[in-house]
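Here the structure is laid out as structure tokens; the discussion comes afterwards.
4 protein chains.
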Amino acid sequence: MSNKEFSGVFPYLVSPVDEQGKVKEKVLSSLVDHLIKSGVHGLTPLGSTGEFAYLTWTQRQRIVEVVFEAAAGRVPVVAGVSHTSIREAARQAREMEAIGADGILAIMDSYFPVPPEGVVAYFRGIAEAVSCPVVIYTNPSFSSTNLSLEVIEAIAEVPNIKYLKDASANTGNLLFTMNHLGDKIKVFSASAHIPLFVMMLGGVGWMAGPACVIPRQSVELYELAKKGQWDEAITLQKRLWTINRVFQKYALAPCIKACLELQGFEVGAPIPPLQPLTGPALKDVEAVLKTLDVL
Amino acid sequence: MSNKEFSGVFPYLVSPVDEQGKVKEKVLSSLVDHLIKSGVHGLTPLGSTGEFAYLTWTQRQRIVEVVFEAAAGRVPVVAGVSHTSIREAARQAREMEAIGADGILAIMDSYFPVPPEGVVAYFRGIAEAVSCPVVIYTNPSFSSTNLSLEVIEAIAEVPNIKYLKDASANTGNLLFTMNHLGDKIKVFSASAHIPLFVMMLGGVGWMAGPACVIPRQSVELYELAKKGQWDEAITLQKRLWTINRVFQKYALAPCIKACLELQGFEVGAPIPPLQPLTGPALKDVEAVLKTLDVL
Amino acid sequence: MSNKEFSGVFPYLVSPVDEQGKVKEKVLSSLVDHLIKSGVHGLTPLGSTGEFAYLTWTQRQRIVEVVFEAAAGRVPVVAGVSHTSIREAARQAREMEAIGADGILAIMDSYFPVPPEGVVAYFRGIAEAVSCPVVIYTNPSFSSTNLSLEVIEAIAEVPNIKYLKDASANTGNLLFTMNHLGDKIKVFSASAHIPLFVMMLGGVGWMAGPACVIPRQSVELYELAKKGQWDEAITLQKRLWTINRVFQKYALAPCIKACLELQGFEVGAPIPPLQPLTGPALKDVEAVLKTLDVL
Amino acid sequence: MSNKEFSGVFPYLVSPVDEQGKVKEKVLSSLVDHLIKSGVHGLTPLGSTGEFAYLTWTQRQRIVEVVFEAAAGRVPVVAGVSHTSIREAARQAREMEAIGADGILAIMDSYFPVPPEGVVAYFRGIAEAVSCPVVIYTNPSFSSTNLSLEVIEAIAEVPNIKYLKDASANTGNLLFTMNHLGDKIKVFSASAHIPLFVMMLGGVGWMAGPACVIPRQSVELYELAKKGQWDEAITLQKRLWTINRVFQKYALAPCIKACLELQGFEVGAPIPPLQPLTGPALKDVEAVLKTLDVL
Numbered sequence: 031m032s033n034k035e036f037s038g039v040f041p042y043l044v045s046p047v048d049e050q051g052k053v054k055e056k057v058l059s060s061l062v063d064h065l066i067k068s069g070v071h072g073l074t075p076l077g078s079t080g081e082f083a084y085l086t087w088t089q090r091q092r093i094v095e096v097v098f099e100a101a102a103g104r105v106p107v108v109a110g111v112s113h114t115s116i117r118e119a120a121r122q123a124r125e126m127e128a129i130g131a132d133g134i135l136a137i138m139d140s141y142f143p144v145p146p147e148g149v150v151a152y153f154r155g156i157a158e159a160v161s162c163p164v165v166i167y168t169n170p171s172f173s174s175t176n177l178s179l180e181v182i183e184a185i186a187e188v189p190n191i192k193y194l195k196d197a198s199a200n201t202g203n204l205l206f207t208m209n210h211l212g213d214k215i216k217v218f219s220a221s222a223h224i225p226l227f228v229m230m231l232g233g234v235g236w237m238a239g240p241a242c243v244i245p246r247q248s249v250e251l252y253e254l255a256k257k258g259q260w261d262e263a264i265t266l267q268k269r270l271w272t273i274n275r276v277f278q279k280y281a282l283a284p285c286i287k288a289c290l291e292l293q294g295f296e297v298g299a300p301i302p303p304l305q306p307l308t309g310p311a312l313k314d315v316e317a318v319l320k321t322l323d324v325l
Numbered sequence: 031m032s033n034k035e036f037s038g039v040f041p042y043l044v045s046p047v048d049e050q051g052k053v054k055e056k057v058l059s060s061l062v063d064h065l066i067k068s069g070v071h072g073l074t075p076l077g078s079t080g081e082f083a084y085l086t087w088t089q090r091q092r093i094v095e096v097v098f099e100a101a102a103g104r105v106p107v108v109a110g111v112s113h114t115s116i117r118e119a120a121r122q123a124r125e126m127e128a129i130g131a132d133g134i135l136a137i138m139d140s141y142f143p144v145p146p147e148g149v150v151a152y153f154r155g156i157a158e159a160v161s162c163p164v165v166i167y168t169n170p171s172f173s174s175t176n177l178s179l180e181v182i183e184a185i186a187e188v189p190n191i192k193y194l195k196d197a198s199a200n201t202g203n204l205l206f207t208m209n210h211l212g213d214k215i216k217v218f219s220a221s222a223h224i225p226l227f228v229m230m231l232g233g234v235g236w237m238a239g240p241a242c243v244i245p246r247q248s249v250e251l252y253e254l255a256k257k258g259q260w261d262e263a264i265t266l267q268k269r270l271w272t273i274n275r276v277f278q279k280y281a282l283a284p285c286i287k288a289c290l291e292l293q294g295f296e297v298g299a300p301i302p303p304l305q306p307l308t309g310p311a312l313k314d315v316e317a318v319l320k321t322l323d324v325l
Numbered sequence: 031m032s033n034k035e036f037s038g039v040f041p042y043l044v045s046p047v048d049e050q051g052k053v054k055e056k057v058l059s060s061l062v063d064h065l066i067k068s069g070v071h072g073l074t075p076l077g078s079t080g081e082f083a084y085l086t087w088t089q090r091q092r093i094v095e096v097v098f099e100a101a102a103g104r105v106p107v108v109a110g111v112s113h114t115s116i117r118e119a120a121r122q123a124r125e126m127e128a129i130g131a132d133g134i135l136a137i138m139d140s141y142f143p144v145p146p147e148g149v150v151a152y153f154r155g156i157a158e159a160v161s162c163p164v165v166i167y168t169n170p171s172f173s174s175t176n177l178s179l180e181v182i183e184a185i186a187e188v189p190n191i192k193y194l195k196d197a198s199a200n201t202g203n204l205l206f207t208m209n210h211l212g213d214k215i216k217v218f219s220a221s222a223h224i225p226l227f228v229m230m231l232g233g234v235g236w237m238a239g240p241a242c243v244i245p246r247q248s249v250e251l252y253e254l255a256k257k258g259q260w261d262e263a264i265t266l267q268k269r270l271w272t273i274n275r276v277f278q279k280y281a282l283a284p285c286i287k288a289c290l291e292l293q294g295f296e297v298g299a300p301i302p303p304l305q306p307l308t309g310p311a312l313k314d315v316e317a318v319l320k321t322l323d324v325l
Numbered sequence: 031m032s033n034k035e036f037s038g039v040f041p042y043l044v045s046p047v048d049e050q051g052k053v054k055e056k057v058l059s060s061l062v063d064h065l066i067k068s069g070v071h072g073l074t075p076l077g078s079t080g081e082f083a084y085l086t087w088t089q090r091q092r093i094v095e096v097v098f099e100a101a102a103g104r105v106p107v108v109a110g111v112s113h114t115s116i117r118e119a120a121r122q123a124r125e126m127e128a129i130g131a132d133g134i135l136a137i138m139d140s141y142f143p144v145p146p147e148g149v150v151a152y153f154r155g156i157a158e159a160v161s162c163p164v165v166i167y168t169n170p171s172f173s174s175t176n177l178s179l180e181v182i183e184a185i186a187e188v189p190n191i192k193y194l195k196d197a198s199a200n201t202g203n204l205l206f207t208m209n210h211l212g213d214k215i216k217v218f219s220a221s222a223h224i225p226l227f228v229m230m231l232g233g234v235g236w237m238a239g240p241a242c243v244i245p246r247q248s249v250e251l252y253e254l255a256k257k258g259q260w261d262e263a264i265t266l267q268k269r270l271w272t273i274n275r276v277f278q279k280y281a282l283a284p285c286i287k288a289c290l291e292l293q294g295f296e297v298g299a300p301i302p303p304l305q306p307l308t309g310p311a312l313k314d315v316e317a318v319l320k321t322l323d324v325l
């Protein structure tokens, strides 16, 4: 499927793992099937919501295998890859493509500050290790690496780096980047932006954890935006925004796992020391899901 | 004019002051006249762009007098008030209303962290000192005081606190606030947001430095948004955004003063130790103004 | 007294002000007298602990007059001066010297980021307005202006800028600065450092709020350090450190005002919206004073 | 050796790895031998300076094996362990002890914010997986996890958690922690503190990258501190501090690798995308080594 362009709603999948560290394959397959039947346009295992940072390489590998098999070619699978070292990240990307990933979501982990040339070299190293399209992921909240316009521009020169997933919350900065880069790179919104606005600015879709929980409404919003029905779209977007708030308030992965458990998907708890939602937080999330008619 | 509701484009005026600290009254009057003739809906002296933080009380007072006289009742004047102490801020607000201000832009300065009750007490203290409407100004970049939803909600209970000018760059947070507060408070966008999007979410206009430089285009954008002509509006917004970038890049007040000088308004240099734009920065700003056909 | 070198313990005085904004002159005079009789080597009105940022110019002026009269030449008075604009800060410094201040504590307020040349120009502007010695105050916690080594070095070239009061908590950085600048500038410790260690590195004393509350012990510590009795000094320093912790925990000015009230000085509440200590915080502070035998 | 108490100078070893990712065993062994002969009291592979965050598990394992064999029981080896998940960190600790590590340096990696209970659970999980002593490592600069006094106190209850290595630069906070915890936990200084001062406060030594480069002088400083010869110690400490500055300025691992290369240890370049020191940075480091007579 790697020649297809990516666009639309790509849920960030959670990573269901039991207490012994074993991937809960059945529940992951059934979530994948449910999301595809709900109309999503692609799947993204091993993003932030997928607790990539908490998984061993063996677990990451197994999760992408299960997602790939369950998707069965119906939608593209864009697998997250993240490390601090170029060499190891490139190796992981190569193996993910061998498993069958249609694209790579390239995330840069860091410990020491990395100079701009190092950032460019990291993303280039991943891209050159594979032949499929690569999505660059920026997340200033969790990663100390900041991608300046100059760095994004240099990265966009690499032929198979085709998408940028911007997870800053600063839509003005993103508009500036999009104005500047034009067709050189396509943009997916993250949940920190209001996805509708990124679509209005020319974005091609969004990759986001909440789409696991509200796939149909997310697709509906995408369709309205694509048709330019902005008044209906803004009404729906305002309604859907409540889930983004609990998502940010309750630490992404724990929140989406709690939502899916409430919806009957036995994805289990987040990986310790992450803590599952309980008490008032769980009630808060439940109330939000009810207002969105998904419970 | 104080019974009128505020909406539309309110430029943040610069504060032209000569080297001896004297207000350049003539240039300020002529700028006010030009902006009103360009269609702006109100005027806001003593915001961030107005270098309020660099002025003595005597200078602030004189600036609002000059603006009030030059406006001559054609549009409402919303004067900025800022101090660390409630008592002094309330005194300033009272005097600004006596001069003729139609509204107060209430800005909270701080040195030590202030607990939420203190923040509410500060804004309440200003509002109770006057009878005109009050606009609450939040600016996490320059002020260490953060306004949580709970604090904004408590502030909105004060009868004459009617507007919120949000200067964060996080439009998602603003949507959450607007969803939650509904009609309790009306929202003006700041330049850190994309104003069009704040309008789509139900905002009533924007208060911003760049509107000093591109008043006609700002009014045109506002009119398109008001009529719901979103496709035309987004095209114009994307084009206008370049000025917001130089505005943020070159420290607001120095940037707008440089733009106005280029346009023939002899507003002079920013107040030392702020430095005027020179060399490549000035060229950069000039190039942007040319793309916007205002030079 | 301006030819005398400054060294030793300089308490940051609180600013007792009543609800109508009037300086409580009697209590301020009596505090000054008490501190001098307890052996302190100088007095610093209008530092952070003195709530300088919350006072009008008229209040600041009156406070320095009262302190100057009460000190009656027994110890030097170093008056705080702070503004955003060079012009206004220089004017204040000139007036403070006219009142009788033996030195100026120069504090830089800021709103927009100021480039290094602007920072140097600010401190130079103050120093050139007076003939007395000037102490440069750096405080990265409350002020957005960061003083790099290069900036401090340039400032130290100004003949009457003779002291640096470093209020960062990074003693390693301070050692580096001291190694580099040698005799060009003398260093006072702030309460964020452990004063004894700054003395060991060659510092000449400390300017600090807690010295209002424990003047005798502070002087004792200073004397031990001066004599190089390090073992006794470290034992005393460890014991005294408890007051620095409550000082930082309970917002400096409110904490010292609470301590002094407990000791019988009716300095009153901090300036609203700052809140006085109550309940458990007050009990916490009281317990600390008891362990230090000053209650 | 696990019954021995840890104290003194523990260099953080660099991790020499070639371009193919292979551990340069010979140079690592020879560095270990050199350090032990220079008098250091222990060795710490896989700290920040050891680029632990850039290594695969296989590389980490091999490094500890090589260090353990080269040390040959002459000094204790405290091996770094770090992950985001408790389960994986505990597994690594267990394997490190099986290789022969005399202690574990427990580092907490994180991506999402972890609540205090999670932090305690993480360190407890590591400690319960081994029988050797555990050193808790805090580093607010590189890790988003902050250890409050309450958290440290709870962690110190675990029987084999015996040491705290504090890498904040705030010596005042550390004094407060030490005053509060007393004998419950022993403290090693990191390079962000001035080690001598941590010794004066009751610390037992320091774990630090620069000790790879100046082992003899570090041991000399430790001996002076132990004997309470404070005047000689402060003179030496001031002289040695220059290396700490370049260490912080030039990104720890790249700096120490550059220093060791200059000293003739062919440890190679840091792991990409980290960049080796070149040009003026390298000259700067070289000049510092010359002033310390180690070149």
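Chains as they are written, first to last, in this note's numbering: chain A, 31 to 325; chain B, 31 to 325; chain C, 31 to 325; chain D, 31 to 325. All residues carry an ideal CB built from backbone N, CA and C; glycine is no exception.
Any chance the segment 230 to 250 of chain B sits against the segment 63 to 75 of chain B, with 3 or more Cβ pairs inside 8 Å? Yes, they touch.
When we look at the beta-carbon of residue 320 of chain A and count the other beta-carbons within 10 Å, is it buried (16 or more) or exposed? The residue in question, residue 320 of chain A, is exposed, as its Cβ has fewer than 16 Cβ neighbours within 10 Å.
So, helix, strand or coil for residue 244 of chain A, using DSSP? In the three-state reduction of the DSSP assignment, residue 244 of chain A falls in the coil class, being assigned neither a helical nor a strand state.
Within its chain, find whatever has a CB closer than 8 Å to the CB of residue 205 of chain A; leave out the 5 residues flanking it on each side and keep chain order. 231
Anything in the segment 233 to 263 of chain A with a Cβ closer than 8 Å to a Cβ of chain B? List those residues in chain order, please. Interface annotation for the segment 233 to 263 of chain A against chain B: 258, 260 and 261, criterion Cβ-Cβ distance under 8 Å.
Under a CB-based cut-off of 8 Å, is residue 87 of chain C close to chain D? no
Would you call the segment 255 to 265 of chain D and the segment 78 to 89 of chain D in contact, with 3 or more CB pairs under 8 Å? no
So which of A/315, A/281, A/274 and A/280 has the shortest CA-CA distance to residue 289 of chain A? A/315
For the candidate residues A/218, A/129 and A/148, whose alpha-carbon lies nearest to that of residue 252 of chain A? A/218
Which chain A residues sit within Cβ distance under 7 Å of residue 115 of chain D? 84, 301 and 302
Can you tell me which of the three DSSP states residue 219 of chain D falls into? strand
Please list the partners that residue 190 of chain D has in chain C, where partner means a Cβ-to-Cβ separation under 7 Å. Those within 7 Å of residue 190 of chain D in chain C number zero; the least Cβ separation is about 28 Å.
Judging by CA-CA distance, which residue of B/192, B/310, B/117 and B/294 is the nearest neighbour of residue 161 of chain B? B/192
Mind checking who residue 41 of chain C pairs with in its DSSP beta bridge? C/238
Taking 8 Å as the CB-CB limit, is residue 282 of chain C close to chain B? Interface criterion met: the Cβ of residue 282 of chain C is under 8 Å from a Cβ in chain B.
Return the first residue and the last residue of the alpha helix (DSSP H) that residue 298 of chain B is part of. If you look at residue 298 of chain B, you'll find it isn't in any alpha helix (DSSP H); DSSP assigns it neither H nor E.
Residue range of the unbroken alpha helix (DSSP H) whose run includes residue 326 of chain A: Past the edges of chain A, shown from 31 to 325, lies residue 326 of chain A, and the structure says nothing about it.
How big is the Cα-Cα spacing for residue 108 of chain C and residue 76 of chain C? Residue 108 of chain C and residue 76 of chain C: Cα-Cα distance of roughly 9 Å.
Let's test the definition: count the other Cβ atoms within 10 Å of the Cβ of residue 50 of chain D and tell me whether it reaches 16, buried, or not, exposed. Exposed, by the Cβ-count rule.
Pick helix, strand or coil for residue 86 of chain D, following the three-state DSSP scheme. coil
Beta carbon of residue 148 of chain B nearer than 8 Å to that of residue 110 of chain B: no
Which whole-angstrom value describes the C-beta separation of residue 227 of chain A and residue 201 of chain B, a residue pair presumed to lie in contact below a C-beta threshold of 8 Å? 7 Å
Cβ atoms of residue 36 of chain B and residue 73 of chain B: under 8 Å apart, would you say? no
Determine whether the Cβ of residue 305 of chain A lies closer than 8 Å to any Cβ atom of chain D. yes
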